[in-house]
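Data block below; observations after.
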Amino acid sequence: MASELLRVVYRSRSTLHPDNVEELDKIFRAAHKNNRRDKLTGCLAHPDGHFVQVIEGEKSKVQSLMGRLALDERHADMATIGQWLTPSRLFTGWTMARPDLAPLHQQSLRIINDVGSGSQITAIMLALVEKSAGFYTLM
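What the sequence shown shows, in the UniProt record's numbering, is residues 1 to 139, in sequence order.
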């Protein structure tokens with residue numbers, strides 16, 4: 001029997017300057033490398049000065065990543081929105097998908113940024129990733 005995976009959704013305020021594209025690209029490259037090593041999958045968005053991420057994988061690996069992120073000075077006011085055990089991945093094949101947020105309507109953006117539950121955020125981000133095929137793959 002396969003062990004259950006942990007899926008976590010968090011939101012934080014980004015301390016990066018909004019125009020610092022190079023630093024954001026650096027974050028995605030590092031996430032791809034580290035998540036591939038740790039067999040983690042997920043999706044990271046950077047809407048309106050926030051980070052919103054869904055991350056899934058072996059429980060100890062996800063918890064370790066969450067601990068590192070909590071200490072990362074590029075995050076402030078980090079809050080776990082949802083966390084649950086799951087038998088399978090939703091972001092299979094994406095070590096760190098980077099969805100295009102442009103197609104979102106204001107209400108969906110508000111759900112991601114402010115008021116959404118972990119399940120709501122996961123559903124919106126998964127739909128965006130599937131539509132755009134993400135940017136980074138697990139293979």
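A virtual CB, placed ideally from N, CA and C, is assigned to each residue, including glycine.
Since we're looking at a predicted model, the values are computed, not measured.
Suppose the cutoff is 8 Å on Cβ atoms and the five residues either side in sequence are ignored; what does the same chain contact list for residue i look like?
i	result
glutamine 83	Leu6, Arg7, Val8, Val9, Gly118
alanine 70	Met78
glutamate 73	Thr15
Should residue i be labelled buried (16 or more other beta-carbon atoms within 10 Å of its own) or exposed?
i	result
residue 151	Outside the modelled stretch of the chain, which goes from 1 to 139, sits residue 151, for which no answer is possible.
proline 99	buried
asparagine 20	exposed
methionine 1	Here the model assigns methionine 1 a pLDDT of 44, short of 50, so the residue's position is not dependable, and the following value carries that caveat. Burial call: exposed.
histidine 17	exposed
serine 88	exposed
glutamate 4	exposed
aspartate 25	exposed
Take residue i and list the residues in its own chain whose beta-carbon comes closer than 6 Å to its own, dropping the five residues that flank it on each side.
i	result
arginine 29	none
Can you give me the Cβ contacts of residue i inside the same chain, cut-off strictly under 7 Å, excluding the 5 residues immediately before and after it?
i	result
glutamine 112	Looking at the sequence itself, residue 112 is isoleucine, so the reference to glutamine does not match. Excluding residues within five positions, the ones whose Cβ falls inside 7 Å are Ala45, Pro47, Val52, Ile121, Ile124.
serine 108	Ile124
glutamate 23	Leu16
Taking residue i and residue j to be in contact with their CB atoms under 8 Å, please state how far apart those CB atoms are, rounded to whole angstroms.
i	j	result
glycine 57	leucine 85	The Cβ separation is near 12 Å, so there is no contact.
Please confirm whether any heavy atom of the ligand COA lies closer than 7 Å to the CB of residue i.
i	result
glycine 93	The ligand COA is not part of this structure, which contains no ligands at all.
I'd like to know if the region 121-132 and the region 62-69 are in contact, where contact means that at least 3 CB-CB pairs between them fall below 8 Å. no
With a cut-off of 8 Å, do at least 3 Cβ pairs link the region 6-16 to the region 46-58? yes
Mind listing, in chain order, the continuous beta strand (DSSP E) runs of no fewer than 3 residues lying wholly within the UniProt domain "BLUF" (5-97)? 5-14, 41-45, 50-57, 75-86
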